[in-house]
Amino acid sequence: MSYQVIARKWRPQTFEEVTGQEPITRTLKNAIEHERLHHAYLFSGARGVGKTTSARLFAKALNCHKSDKPTVSPCSFNDATACVSCVEIAEGRSIDVLEIDAASNTGVQNVRDSIIDQIDTRPARDRYKVFIIDEVHMLSTQAFNALLKTLEEPPPNIIFIMATTELHKVPETILSRCQQFEFRTIALIKIAERLKIIADAEKIAVSEIALREIARAGEGSMRDAQSAFDQVISFSGESIDVNDVTNALGIASADLLTRVVSAIDAQNALEALKVVDDLVSRGQDLRNYCRDLSTFLRDLLVAKVAGDGAENLLESSSASFEDLRKYAEKFSESDLTRFFHSLSETETLLRTATQPRYVLEIGLVKLIEMKRVAGLEKVFERLLKLEQTFTNADFTPNQNSDSKKKLTNQ
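For the sequence shown, counting from 1, position 410 maps to 409 in numbering that gives the first Met the number 0; every step adds exactly one.
What follows is the structure, given as structure tokens:
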């Protein structure tokens, strides 16, 4: 049997397995239980957060043959006793659940052939005929217009589920006819927990910090994180540590981040330039490093302002919470805020830079200069306070001293 990538092998088979979208799965389950089904749904959100997966699960729940009515617990694909309908929907070959890629079927004729001409045909075997239209925003204006009348007055037992990553491109006339669900990006800790379940089942030994690094590489997308996990497994095999992750994914190691932070604190421009040289020698993406450093600085600020309650708010897993607090003590809140904004400008410049090395070097030297200026500002503030102290001091001659002078003159 050919190898199956983790994202496909571990696609959720039940609503409970969908990670990070609890309000949406709860609403869909309630709609099924109370038989309050709408004829059109629109799922929007970033890539890899569960839109198409939830659409398939909803279609399975509506058509599962193990129940005489729609059920919130359809068959799992891995279940040997799964019904034919659930298996075919999971494999994408059901005759009553039609998946249409709007990105490659954008025209009005595609909509007529794939949807409108089939809309009056009753389901061949299942309770509902379900049309899942992925990337629906890619349809042309004429195609949307052709779909509009069908959405407004669909025949019985027809349900549309549309998915999009660009909600603003979907016409208002379509939006007003759908129940809309906004899928959120998934929290890092939830992605890491899901990856841990997969690692245990696949008998992959992986450290917690390595899992967090892989989860962070997903940037809120479960599918992207699982693809990154696949890549790391191919690189290191069945035993994974954080060094394997940084090497396989080109992520900056904790050492390269803390070296720059220490260089900023010590105002050591040479050390910062050496870090850039190391990055170039290793062939690492300088923009990715800049982004990782921004995340690290953000976490320093969180550790500083939130104290003990900050651990669950951290995005970077490159250093322990104790180390983050130690480095955070070296800077003020205003320092870290200025550093972050400056580094954001550097990252923007790196997107179009023909010489990214020079841009990053200048950006890091700028941070060191900001630290130096901040130190001078503190000196000036102290001098100003001292000046104000002398200005406000009472230098009125002592009364006893005046009396002594009078006696002497007599």
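Glycine is no exception: its CB is placed at the ideal position from the N, C-alpha and C atoms.
Check, Outcome
"Given E165 as reference, the closest of R124, I94, A101 once Cα atoms are compared", "A101"
"Paired residues, beta bridge with V231 - DSSP", "For V231, which the question treats as bridged, DSSP gives no partner whatsoever."
"Alpha-carbon spacing of D277 relative to S252, whole angstroms", "12 Å"
"Contacts around V274, its chain only, beta-carbon distance under 8 Å, and the 5 residues preceding and following it disregarded", "L255, R258, V259, A262, L363"
"Three-way DSSP call (helix, strand, coil) for L300 in this model", "helix"
"DSSP-derived helix/strand/coil call for L406", "In this predicted model, L406 has a pLDDT of only 46, less than 50, meaning its place in the structure is not dependable enough to derive any value."
"Opposing strand residues paired with L97 [DSSP bridges]", "F130"
"Buried versus exposed call for C85 [16 or more other C-beta atoms within 10 Å across all chains shown]", "buried"
"Rounded C-alpha distance that separates L194 from Q108", "42 Å"
"Contacting residues, own chain, Cβ-Cβ under 6 Å from V4 (five flanking each side not counted)", "D229"
"Neighbour-count burial assignment, N62, 16 or more Cβ in a 10 Å radius", "buried"
"Residue span of the beta strand (DSSP E) that contains A162, given as start and end", "157-163"
"Test item: CB-CB of L41 and F14 under 8 Å", "no"
"Inter-stretch contact (C-beta, 8 Å, three-pair minimum) for the segment 290-303 and the segment 264-271", "no"
"Alpha-carbon to alpha-carbon, I239 and S226", "15 Å"
"Uninterrupted alpha helix (DSSP H) stretches inside the segment 4-48 (no shorter than 4 residues)", "5-8, 21-32"
"Simplified DSSP assignment, three categories, for Q283", "coil"
"3-residue-minimum beta strand (DSSP E) runs that sit fully inside the segment 239-272, ordered along the chain", "none"
"Per DSSP, cross-strand counterpart(s) of L205", "One detail in the question is off: residue 205 reads as Val in this sequence, not Leu. The partner list for V205 (beta bridge, DSSP) reads I239."
"Exposure label - E152; buried when at least 16 CB within 10 Å", "exposed"
"For S343 and D334, the rounded distance between their alpha carbons", "14 Å"
"Reference T172, options T163, I188, R183, N144, closest by Cα", "N144"
"8 Å contact criterion, which I185 and T24 should meet: CB distance rounded", "About 13 Å; that fails the 8 Å criterion."
"Nonlocal neighbours in the same chain, by C-beta distance under 6 Å from V135, ignoring five residues either side", "A101, M161, T163"
"V231 vs A214 beta-carbon contact at 8 Å", "no"
"Inter-residue Cα distance where the pair is F339 and E90", "46 Å"
"6 Å Cβ shell around M369 - same chain, five flanking residues per side excluded", "R337"
"Identity of the residues DSSP links to Q179 by a beta bridge", "L41"
"First and last residue of the uninterrupted alpha helix (DSSP H) at Q108", "107-113"
"Selection from Q141, R10, I88 that minimises the alpha carbon distance to F130", "I88"
"Beta-carbon gap between I99 and T149 smaller than 8 Å", "no"
"S331, buried or exposed, once every other Cβ within 10 Å from all chains shown has been counted against 16", "exposed"
"Candidates I250, S280, S206, A58, of which the one nearest E237 by Cα", "S206"
"Nearest-angstrom Cβ-Cβ length linking V358 and L349, presumed shorter than 8 Å", "5 Å"
"Nonlocal neighbours in the same chain, by C-beta distance under 8 Å from L406, ignoring five residues either side", "For L406, the predicted model reports a pLDDT of 46, less than 50, meaning its position is unreliable; a value from the coordinates is still stated below. Correct list: empty, nothing qualifies."
"CB contact flag (V241, I208, <8 Å)", "yes"
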